[in-house]
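The listed protein sequences derive, respectively, from chains W and R.
No gaps in the numbering here: position 28 of the first sequence is 29 in the working numbering, and each next residue is one more.
No gaps in the numbering here: position 93 of the second sequence is 94 in the working numbering, and each next residue is one more.
In this text, a Cβ means the ideal position worked out from N, Cα and C, and glycines have one as well.
This one's a predicted model, so the numbers in the text were calculated from it and none came from an experiment.
To keep things clear, I will list the structure first and then write my remarks on it.
Number of protein chains: 2
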Amino acid sequence: MVTKHTSEPFTFCDAMTQGQDRLAREVLESITARWSLSVLRVLAEAHGPLRFSRVLERVEGISQKALTHTLRTLERDGLLTRTLYPQVPPRVEYELTTLGRDLSVPVASLWRWIAGRLEEFAAAQALQRQS
Amino acid sequence: MVTKHTSEPFTFCDAMTQGQDRLAREVLESITARWSLSVLRVLAEAHGPLRFSRVLERVEGISQKALTHTLRTLERDGLLTRTLYPQVPPRVEYELTTLGRDLSVPVASLWRWIAGRLEEFAAAQALQRQS
DNA sequence: CCGAATCCAATTGGATACTG
DNA sequence: CAGTATCCAATTGGATTCGG
Numbered sequence: 002m003v004t005k006h007t008s009e010p011f012t013f014c015d016a017m018t019q020g021q022d023r024l025a026r027e028v029l030e031s032i033t034a035r036w037s038l039s040v041l042r043v044l045a046e047a048h049g050p051l052r053f054s055r056v057l058e059r060v061e062g063i064s065q066k067a068l069t070h071t072l073r074t075l076e077r078d079g080l081l082t083r084t085l086y087p088q089v090p091p092r093v094e095y096e097l098t099t100l101g102r103d104l105s106v107p108v109a110s111l112w113r114w115i116a117g118r119l120e121e122f123a124a125a126q127a128l129q130r131q132s
Numbered sequence: 002m003v004t005k006h007t008s009e010p011f012t013f014c015d016a017m018t019q020g021q022d023r024l025a026r027e028v029l030e031s032i033t034a035r036w037s038l039s040v041l042r043v044l045a046e047a048h049g050p051l052r053f054s055r056v057l058e059r060v061e062g063i064s065q066k067a068l069t070h071t072l073r074t075l076e077r078d079g080l081l082t083r084t085l086y087p088q089v090p091p092r093v094e095y096e097l098t099t100l101g102r103d104l105s106v107p108v109a110s111l112w113r114w115i116a117g118r119l120e121e122f123a124a125a126q127a128l129q130r131q132s
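Given below as structure tokens:
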């Protein structure tokens, strides 16, 4: 699959089959879901595996249920691995995959694009509140 | 505000105040919300203003309520403009701003990053379903 | 025509209790 | 310890109706 580049923006979807488009959207959603970036960040900063409880502590405001769901989704998409050590009490460790680590590059780009235009966004919102 | 670049990924949040971080997240959310990309795309391809009904027709599967909400959010963030022509019956036109048009660049980057790794994502998901 | 308002179904999310 | 299960509150989303 090769993405055609034309003068038209947003054409990047066109070269995909319906299944590919669906998968790509799924991944995009899991990346941009409520808690994903925070969890990815915590794991990136850990430079190694982290137990469930440690992640729970470091992601401010997340509930245990939401964390479980977020981790499962990111695992499903191959961004992190889940390793269960069958001990009593059990130990479960989460760690970024190479894919998960590489992700920070394009995500950081988008983030910086937004960060570089914060004044424009703030101005737009301020204008909006007037009318 | 200057974003510090270190070897650490995800540090791009650090140089922001809490208010800036909140705003950036708000924008990121509005961009990645359910229908935003489709709406932005339709407007980008229009090369000009588009009436509410025309957008509604071209975004497959969206409800009128969801479209109204999406348009309002994107307008609030300065990505498009809403122009009301006080006629009977009323006419309302939506058009991308420069900010909205520029957005397609970083979004396309992230999209291509994902698109270029679809096989890895598919493989990860396949593996997942086994266990 | 545009969209606000209303109603209702379905999904989400937190809190708590429980288990291997 | 790391969840799953359950209950419940709050939010979301579609369908429909109504109004300027």
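Residue closest to residue i, alpha-carbon to alpha-carbon, out of the options
i	options	result
residue 130/W	46/R, 28/R, 25/R and 78/R	78/R
residue 105/R	39/R, 26/R and 128/R	39/R
residue 118/R	12/W, 9/W, 29/W and 19/W	29/W
residue 76/R	18/W, 15/W and 126/W	126/W
residue 115/W	19/R, 12/R, 32/R and 93/R	32/R
residue 51/W	98/W, 20/W, 24/W and 25/W	98/W
Simplified DSSP state of residue i, which is helix, strand or coil
i	result
residue 60/W	coil
residue 2/R	Because residue 2/R carries a pLDDT of 49, less than 50, the predicted location of this residue cannot be relied on, and the following value inherits that uncertainty. Correct three-state label for residue 2/R: coil.
residue 89/R	coil
residue 80/R	coil
residue 94/R	strand
residue 26/R	helix
Partners in chain R for residue i, counting only beta-carbon separations shorter than 9 Å
i	result
residue 91/W	None at all; the shortest Cβ gap to chain R is about 17 Å.
residue 126/W	24, 27, 77, 78 and 79
residue 100/W	118, 121, 122 and 125
Partner residues on chain W for residue i, Cβ-Cβ distance less than 7 Å
i	result
residue 114/R	107
residue 9/R	46
residue 42/R	11
Interface residues of chain R facing residue i [CB-CB closer than 8 Å]
i	result
residue 21/W	116 and 119
residue 131/W	None at all; the shortest Cβ gap to chain R is about 12 Å.
residue 85/W	Result: empty, since nearest Cβ-Cβ is about 11 Å, beyond 8 Å.
residue 123/W	24
Where the alpha helix (DSSP H) through residue i begins and ends
i	result
residue 16/R	Residue 16/R -> no alpha helix (DSSP H), and no H or E assigned at all.
residue 127/W	119-131
residue 104/R	From DSSP, residue 104/R is part of no alpha helix (DSSP H); its letter is neither H nor E.
residue 39/R	37-47
Per-residue contacts from residue i into chain W (C-beta, under 8 Å)
i	result
residue 71/R	Neighbours of residue 71/R on chain W: none; closest Cβ ~15 Å, over 8 Å.
Could you name the residues of the region 46-58 of chain R whose beta carbon sits closer than 8 Å to any beta carbon of chain W, in the order they occur along the chain? 46
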